[in-house]
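Data block below; observations after.
Protein chains: 2
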Amino acid sequence: MTHFPEATVADIDQAMQLAAAAFASFRQSSPEERAVFLETIGQQIEALGDALIETAMAESNLPQARLLGERGRTVNQLRSFADMLREGSWVEATIDTALPERTPPRSDIRKMLIPLGPVVVFGAANFPLAFSTAGGDTASALAAGCPVVVKAHPGHPLTSGMVAGAIQKAIEICKLPAGTFQHVYGSGFDIGKALVQHPVTQAVGFTGSLIGGLAIRDYARLRPQPIPVFAEMSSINPVVLLTEKLSQDPQALAKTLAGSITLGAGQFCTNPGLLIVQEQPALPESLEALGQEIAASIPTPMLHAGILHHYQQKLEHTLAQKGVTVLRHAETAGGEKTGQPLVATVLAADFLANPQLKEEVFGPFSLVVRCADAATLAQVLAATGGQLTFTFMGTEADLQQNQTLVDTAQQLGGRIIFNGVPTGVEVCPSMVHGGPFPATSDSHFTSVGLGAAKRWVRPVSFQDSPQFLLPEALQNTNKLKIWRLVNTQWSQADIN
Amino acid sequence: MTHFPEATVADIDQAMQLAAAAFASFRQSSPEERAVFLETIGQQIEALGDALIETAMAESNLPQARLLGERGRTVNQLRSFADMLREGSWVEATIDTALPERTPPRSDIRKMLIPLGPVVVFGAANFPLAFSTAGGDTASALAAGCPVVVKAHPGHPLTSGMVAGAIQKAIEICKLPAGTFQHVYGSGFDIGKALVQHPVTQAVGFTGSLIGGLAIRDYARLRPQPIPVFAEMSSINPVVLLTEKLSQDPQALAKTLAGSITLGAGQFCTNPGLLIVQEQPALPESLEALGQEIAASIPTPMLHAGILHHYQQKLEHTLAQKGVTVLRHAETAGGEKTGQPLVATVLAADFLANPQLKEEVFGPFSLVVRCADAATLAQVLAATGGQLTFTFMGTEADLQQNQTLVDTAQQLGGRIIFNGVPTGVEVCPSMVHGGPFPATSDSHFTSVGLGAAKRWVRPVSFQDSPQFLLPEALQNTNKLKIWRLVNTQWSQADIN
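Chains A and B supply the protein sequences, listed in that same order. Per our numbering, the very first residue in the first sequence carries number 1; after that it's consecutive. Per our numbering, the very first residue in the second sequence carries number 1001; after that it's consecutive.
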């Protein structure tokens, strides 16, 4: 077994001081410099070649094809942030020029988003590349101009170390300060706490469990200067199967759902953990079709022993709840590392009476809630609480008849999907991977997509500033050619 | 004395249920409907005429001219949000159309900001109109599509009631649900707590003390579903007086500073409570000039007995700290309601050694920190912590030589002012009235200016949604003619 040098609290202090020193210059870097840096990180990750994929496979039990796809996603994510920096409007440059003749006279006021400072990132276990060391949190924070300190996820320390090495190479190539990105190992709570509570740290990104996210939020709150924590924590991603759709092609629907439930051994934040259906003639056939798909599914290894153990425990606990009945489970015996795909059913009354059935079961599991009528279905939907996603499977007629359900979902979720599956999160400007508590700790933001960079910045105004003290984005001459809101009009023009 | 019906916890429940019912339709209202509503509120406030000004004068001790100005600001603020709604780009409509030929295919994804839900507002004592019942928090929340429940500030209950009446008339005129705006009285902590902890409440706006803001933040955190609290709390608004500027016209500078320190009896969130200077030949003359202005200032009544008492206590405490010396105080004897303008000095070493000197003294007080050299001045500036504003008084040469000070200020403050005073906050798109803790509880947002509406909304994505289920701002036909980010390009065009 490889030995990883565990950080001490003194190491954390040194790392954060280095991050503070790096921030002094990195925050002044131009959008183009940061874009090139992000692209260089992508190139260096690609340059790690097969060794990275093989290491990640060994540490995460994920298959090669999945990790190749995830590496592509990670690199594209870095490139997308580079494109965003070059387009430039994301800084929300807003200019109101002076009105000296008004009573009272108005000053010249100009606003833009500036970086918060050093960011601590706790990567996710389930995406060792795309949501980890050089994942969305790191990419968006570096794009924003914030140095990053990543605590390596203990589930894939070697993978994390290799990716960290690639980022450090990019730092050298781009001649950035060493403290722009740092990587520390630490398995105990004390290292995470020291990172969150260090006075230099200005924000935290976290992807993981509800318990972990809340612990980090509380560490941050107890600082003399509380800081924001962006934690993506817990979601059961309800899928509503509407009546006409359900009766049209139960086999195809079952295949789609089972594929999403078992994808990556169910280890997606957006795994469809709850299926909501109304009693109708086609339901028994549909459930049977779903059961058959689950029964025929092949158990695959989970990320690591801890996650498997947690899945088994949580599954057992859920199946022991009043009214919960196993529909089917995978019939192939898995190996000792595999989590067994399983779908259970419960009546709406039992679901509504038991808040524990709303808790995430992280793994290849889904619970079907059977509702006697449309009113009960609406009630079940409303009771699910804050979610990353809601999905509606429905024909046009179904959706026409159920607009209030979509409205309810909009009030509870970050993303509403129609006739697709929630697994699979696109990195693009319009993506929201967020939502009300407990899905995240702050529903104003997303942790995937280009909006993720907004977490690491805040607005600052300059009143009657000389031109030479203004950031380039706010100067009269619009050298960056970015879109700006000038006297309430959008413009790319210079100011006279 | 007028009797105000104190709300009970049962009343709060009823009010919040009414707010929830109103939200169901108010959130669906068009931008134009909300714009007309805000304008109608402005008209109804104006229609209250002199009676409103007289009532506010009696309750707040503020002079007529100030309250006339404040009423104008309140009405203009409502109109500015109406303009923002009509311009429409503030919802951040972002569209990425489907790429069916890509591997893997990309779905059609569309994002915009949607309202959070019913908002509870605790208005400020110091602006009975502009930061209270129909002030910035209420105007921005209504603009965002969120029903509002205001707890009347106990310092001006009659004024608050009259303004609430104007809003309720506007609700009738615009045929909106009664729960769109509600007004409750309650002097005990239990009513505030019940409002913040009611399950219907989705966000809280607060302007007031650090202790009050933190208490509300903790009430919100202890809910089963924690909600965001936007508290504007505490700032001493450092003013750096640079060397050349100080020597040029000490009399004029002293007049400007004393005017800002004593404006409105010092009861501004942006009152300049800290002046930072470097020892130099012109300093004694400058301090004498400032002292003379303060000595000649006329004490004016403070808002109410509680605030006066608190000012006196806090002032006494500050003057008792090691090294703090009174420079001058107002020589005219005030009445029993007035707070005495006073400026004191302290050496940098004593300031740096005593965190209590960084605490806000709410009233007509400022502390001059004398620094032996430039390095000490930089240290004092960095030690001031999170602030609403920083101000630099400097010639072009001063500012050229002190760019690193401006840089430090940018990292700690929400607004950087050059050769002006921090009092006076413009309501415009580029304003930031915010900043790192303890200035506010969330530096990502502003409580003044059009950005204030962003506090009450969150992003939601729609994936492969039929057109009829999309909000108007995201439909192919851009009926609202708003600027949207379509496939990473800004556009007002329809989508084919």
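Here a beta-carbon is modelled for each residue, glycine too, at the ideal position from N, C-alpha and C.
For residue i, collect the residues of the same chain with a Cβ closer than 7 Å to its Cβ; drop the 5 residues on either side in sequence, then sort them by chain order.
{"i": "C145/A", "result": "It is worth fixing the name first, because residue 145/A is Gly in this sequence and not Cys. The answer, listed in chain order, is F26, R27, S29, R34 and P115."}
{"i": "L946/B", "result": "Residue 946/B cannot be examined here, being either before or after the span of chain B that is shown, 1001 to 1496."}
{"i": "A372/A", "result": "E279 and A348"}
{"i": "K1169/B", "result": "Q1044"}
Got a sec? Which residues, its chain only, sit under 8 Å from residue i by beta carbon, not counting five neighbours each side?
{"i": "V184/A", "result": "A7, D11, I12, A15, V149, V150, K151, A152, I191 and L195"}
{"i": "E1039/B", "result": "L1078, R1079 and A1082"}
{"i": "A1473/B", "result": "G1088, V1091, A1093, M1112, L1480, I1482 and R1484"}
Considering only residues of the same chain and omitting the five flanking positions on each side of residue i, which have a CB-CB separation below 6 Å?
{"i": "F1418/B", "result": "F1392"}
{"i": "V229/A", "result": "V204, I216, R217, A220 and S441"}
{"i": "G323/A", "result": "V346, L347 and D350"}
{"i": "L1052/B", "result": "M1162"}
Just tell me which of the options has its CA closest to the CA of residue i.
{"i": "D1442/B", "options": "V1486/B, L1176/B and G1413/B", "result": "G1413/B"}
{"i": "A1178/B", "options": "G1188/B, F1445/B and I1167/B", "result": "I1167/B"}
{"i": "R415/A", "options": "A1254/B, D1108/B, P1272/B and N1271/B", "result": "D1108/B"}
{"i": "R1102/B", "options": "E426/A, K169/A, A453/A and P238/A", "result": "E426/A"}
{"i": "I1227/B", "options": "E1046/B, I1216/B, P1063/B and S1235/B", "result": "I1216/B"}
{"i": "M57/A", "options": "D350/A, V361/A, K454/A and T159/A", "result": "T159/A"}
{"i": "I211/A", "options": "A452/A, V343/A, E232/A and P199/A", "result": "E232/A"}
{"i": "L129/A", "options": "R66/A, P118/A, G266/A and G117/A", "result": "R66/A"}
{"i": "T338/A", "options": "A265/A, V75/A and I261/A", "result": "A265/A"}
{"i": "P355/A", "options": "T318/A, V343/A and G363/A", "result": "T318/A"}
{"i": "E1032/B", "options": "M1084/B, T1055/B and E1054/B", "result": "M1084/B"}
{"i": "A20/A", "options": "H198/A, R370/A and G363/A", "result": "H198/A"}
{"i": "K1314/B", "options": "C1428/B, G1363/B and E1059/B", "result": "G1363/B"}
{"i": "A1330/B", "options": "L1357/B, P1250/B and S1366/B", "result": "S1366/B"}
{"i": "Y311/A", "options": "V361/A, L283/A, K322/A and F37/A", "result": "V361/A"}
{"i": "D398/A", "options": "M162/A, G49/A and K245/A", "result": "K245/A"}
{"i": "L511/A", "options": "I171/A, K358/A and A93/A", "result": "As shown, chain A starts at 1 and ends at 496. That puts residue 511/A outside it, with no answer to give."}
{"i": "T1138/B", "options": "T1395/B, I1053/B, N1496/B and F1206/B", "result": "F1206/B"}
{"i": "S209/A", "options": "F268/A, A409/A, S260/A and P157/A", "result": "F268/A"}
Buried or exposed: residue i, going by 16 or more other Cβ atoms within 10 Å of its Cβ?
{"i": "V1326/B", "result": "exposed"}
{"i": "F1499/B", "result": "Past the boundaries of the shown model lies residue 1499/B; chain B is included only from 1001 to 1496, so the question cannot be answered."}
{"i": "V1009/B", "result": "exposed"}
{"i": "K1481/B", "result": "exposed"}
{"i": "A1087/B", "result": "Reading the sequence as shown, one finds Glu at residue 1087/B and not Ala. Looking at its Cβ environment, which holds 16 or more other Cβ atoms inside 10 Å, E1087/B is buried."}
{"i": "F189/A", "result": "exposed"}
{"i": "H444/A", "result": "buried"}
Distance, Cα to Cα, residue i vs residue j?
{"i": "Q401/A", "j": "A374/A", "result": "10 Å"}
{"i": "T517/A", "j": "E285/A", "result": "Residue 517/A is absent from the structure shown; chain A starts at 1 and stops at 496."}
{"i": "A1258/B", "j": "Q1340/B", "result": "13 Å"}
{"i": "A333/A", "j": "P299/A", "result": "7 Å"}
{"i": "M1/A", "j": "G335/A", "result": "Its pLDDT being 48, under 50, M1/A is placed unreliably in this model, and the value from its coordinates should be taken loosely. About 22 Å."}
{"i": "R1500/B", "j": "T423/A", "result": "Only positions 1001 to 1496 of chain B appear in this structure, which leaves residue 1500/B out of reach."}
{"i": "P1238/B", "j": "Q463/A", "result": "15 Å"}
{"i": "P1154/B", "j": "S1060/B", "result": "11 Å"}
{"i": "V465/A", "j": "D494/A", "result": "Checking the sequence shown, residue 465/A turns out to be Ser, not Val. Distance between the alpha carbons of S465/A and D494/A is about 17 Å."}
{"i": "V200/A", "j": "F1437/B", "result": "14 Å"}
{"i": "T446/A", "j": "A452/A", "result": "5 Å"}
{"i": "S1089/B", "j": "I95/A", "result": "15 Å"}
{"i": "Q489/A", "j": "N476/A", "result": "15 Å"}
{"i": "N126/A", "j": "G136/A", "result": "13 Å"}
{"i": "R223/A", "j": "A1289/B", "result": "41 Å"}
{"i": "Q1225/B", "j": "Q1202/B", "result": "9 Å"}
{"i": "A1047/B", "j": "I1171/B", "result": "15 Å"}
{"i": "L1113/B", "j": "Q411/A", "result": "11 Å"}
{"i": "E54/A", "j": "Q64/A", "result": "8 Å"}
{"i": "R1328/B", "j": "L1287/B", "result": "10 Å"}
{"i": "T1395/B", "j": "T1133/B", "result": "41 Å"}
When you compare the region 449-467 of chain A with the region 281-298 of chain A, are there three or more beta-carbon pairs, one atom per stretch, that lie closer than 8 Å? Because the criterion of three Cβ pairs below 8 Å is not met, the region 449-467 of chain A and the region 281-298 of chain A do not touch.
Does the region 1432-1441 of chain B touch the region 1118-1129 of chain B, meaning 3 or more C-beta pairs lie closer than 8 Å? Touching, no, given that fewer than three Cβ pairs across the two stretches are closer than 8 Å.
Any 3 or more C-beta pairs closer than 8 Å across the region 1273-1290 of chain B and the region 1303-1312 of chain B: Under the Cβ criterion (8 Å, minimum of three pairs), the region 1273-1290 of chain B does not count as touching the region 1303-1312 of chain B.
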